[in-house]
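Asks: To start, I am sharing the structure in question, which I have written as structure tokens.
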Amino acid sequence: MKILVTGGAGFIGSHTVVALQQNGFETVIVDNLSNAQDTVIQALEKIVKKKLTFHQGDCNDAAFLSEVFKQHTIEGVIHFAAYKAVGESVKSPLKYYQNNLNSLMTLLQQMEASQTRNLVFSSSCTVYGQPDQLPVTEDSPIKLATSPYGNTKQVCEEIISDCIAAHMPIKALVLRYFNPIGAHASALIGELPIGVPNNLIPYVTQTAAGIRKELSIFGDDYETPDGTCIRDYIHVMDLAQAHVKALQFLQARSVASFYDTVNIGTGEGKSVMEVVKAFIKTTQVALHYTIAERRAGDIEQIYANADKAKRLLGWEAKHSLEEALGDAWRWQQQLEKKKS
Ligand code: UD1
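Quick note: the sequence shown uses my numbering, first residue 23, plus one each step.
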């Protein structure tokens, strides 16, 4: 089965290409490299030990996508390509709406034109906002989005479900990711934030590597056991494996159209302080940190009920937080070695 992976040079996309290749899928990577580097493709080729098909281009470009669908017999699509920085989306909402919504719609048109049936879409736990009940299930209410980024994920989910309700012959699984962290065990691919990282783990590893002076822990006065925010951190290779299972599930379903949403998390909530302590214990590296003001827009706590992923896809997270932190640290060290 040949799979088009949009955003395949990105953090989750690149790890998913590895998992697909190792599970007998062929891949066609599309990426405009706006937030990724082409060296990722070479690193992927080293990991999977073969030449990979890569087309540099933009999913908003219908002519480009059409050419890709003409060149390859695509049987499934995983759509990762999107902007993902919460803060930037607040400052530049049009950039986010234009890119994230338009690229999905262009892709759906091309899928329809080429009769491509299977779609896995990258969504986020951000669609739940601050949930009233924890852990969140797929039936938990969708709250008003707290950022344009979050809103694009909600609207993209609606676009797909509306198309399917209108009998577009597509089978789609929307995967709602919790917080992806870690890196491939080879340390050849990992997260590559541009500039100062917004996310916790790259900030932690860059601080441990001496690039940043200290980590600010945003708030210790939340209504949680240690006062810091709680998230569900999932190893990116577990997340990658969930895409393999999702495609196998869709492939096996002999129906004309199908739509469902699935949480992809570990089911365990960890506080920022627990993560920091686990990092220090696992890596034995000193990490300077300080308690800072709460970050605007942060929700207090969220973690997944991941039962549906197990029931529907036969998937569950296998890696521990410690393994993920160790892999993220090895990746950071590899980056530092390359610099020197
Ligand atoms: C956010 C989005 C998520 C998106 C992800 C990717 C929401 C609710 N979540 O996740 O959908 O996929 O970004 O960009 O919109 N922290 C610190 N110090 C730091 C950095 C982070 O204390 O320097 C804390 C945060 O306050 C938070 C936790 O670490 O409690 C995780 O933060 P982060 O990695 O940025 O992810 P989210 O905000 O959970």
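We put the CB at the ideal spot given by N, CA and C, even for glycine.
1) Are the CB atoms of L126 and H101 nearer to each other than 8 Å?
2) How big is the Cα-Cα spacing for L26 and G98?
3) Helix, strand or coil, according to DSSP, for F47 in the structure here?
4) Over the uninterrupted alpha helix (DSSP H) stretch that includes T250, give me the two end residues.
5) Please give me, in chain order, every unbroken run of the beta strand (DSSP E) with length at least 3 that falls completely inside the stretch 294-322.
6) So for L141, helix, strand or coil by DSSP?
7) Taking the alpha-carbon positions, what's the L66 to F47 distance?
8) Tell whether a beta-carbon distance below 8 Å holds between S169 and Y150.
9) At a threshold of 7 Å, does K117 count as lining ligand 1 (C-beta to nearest heavy atom)?
10) Alpha carbon to alpha carbon, what distance is there between H310 and K303?
11) Looking at G232 and ligand 1, is the gap between the Cβ and the nearest heavy atom below 7 Å?
12) Taking the beta carbon of T229 as the centre, do at least 16 other beta carbons fall within 10 Å, making it buried, or is it exposed?
13) If distances are taken between C-alpha atoms only, which option among A84, H77, Q44, V90 comes closest to K368?
14) Residues in its own chain within less than 7 Å of V62 by CB, not counting five upstream and five downstream?
15) DSSP three-state call for H101: helix, strand or coil?
16) For the 8 Å Cβ check, are there 3 or more pairs between the stretch 201-208 and the stretch 346-353?
17) Quick check: what's the CA-CA separation for A350 versus H257?
18) Please check the pair Q132 and S183, which I expect to be a contact at CB under 8 Å, by giving their CB distance rounded to whole angstroms.
19) Below 6 Å CB to CB, which residues in the same chain sit around E358 once its five sequence neighbours on both sides are set aside?
20) For H257, does the three-state DSSP call read helix, strand or coil?
21) For G249, collect the residues of the same chain with a Cβ closer than 7 Å to its Cβ; drop the 5 residues on either side in sequence, then sort them by chain order.
Replies: Considering the structure as presented:
1) Yes, they are a contact pair.
2) Going by the C-alpha atoms only, they are around 6 Å apart.
3) DSSP, reduced to helix, strand and coil, places F47 outside both helices and strands of the structure shown, so it counts as coil.
4) Unbroken run through T250: none, as it is neither H nor E.
5) Restricted to the stretch 294-322, the beta strand (DSSP E) segments that are unbroken, complete and at least 3 residues in length are 311-314, listed in chain order.
6) If DSSP states are grouped into helix, strand and coil, L141 belongs with the strands.
7) In this structure, the alpha-carbon of L66 lies about 15 Å from that of F47.
8) Not in contact: S169 and Y150 (Cβ atoms no closer than 8 Å).
9) Not so, every heavy atom of ligand 1 lies at least 7 Å from the Cβ.
10) Rounded to whole angstroms, K303 to H310 spans 14 Å at the Cα level.
11) Using a cutoff of 7 Å, the CB of G232 does not count as near ligand 1, since none of the ligand's heavy atoms is closer than that.
12) Classification of T229: buried, given that the 10 Å Cβ count is 16 or more.
13) Outside the displayed range of the chain (23 to 362) lies residue 368, so it cannot be described from this structure.
14) Once the five neighbours on either side are set aside, the close Cβ partners of V62 are A31, S36, I211.
15) In the three-state DSSP reduction, H101 falls in the strand class (E or B).
16) As far as the Cβ criterion goes, the stretch 201-208 touches the stretch 346-353, which means the pair count is three or higher.
17) C-alpha of A350 to C-alpha of H257: approximately 9 Å in a straight line.
18) Not really, about 19 Å apart at Cβ, beyond 8 Å.
19) A231.
20) Note: H257 maps to strand in three-state DSSP.
21) Once the five neighbours on either side are set aside, the close Cβ partners of G249 are D242, D243.
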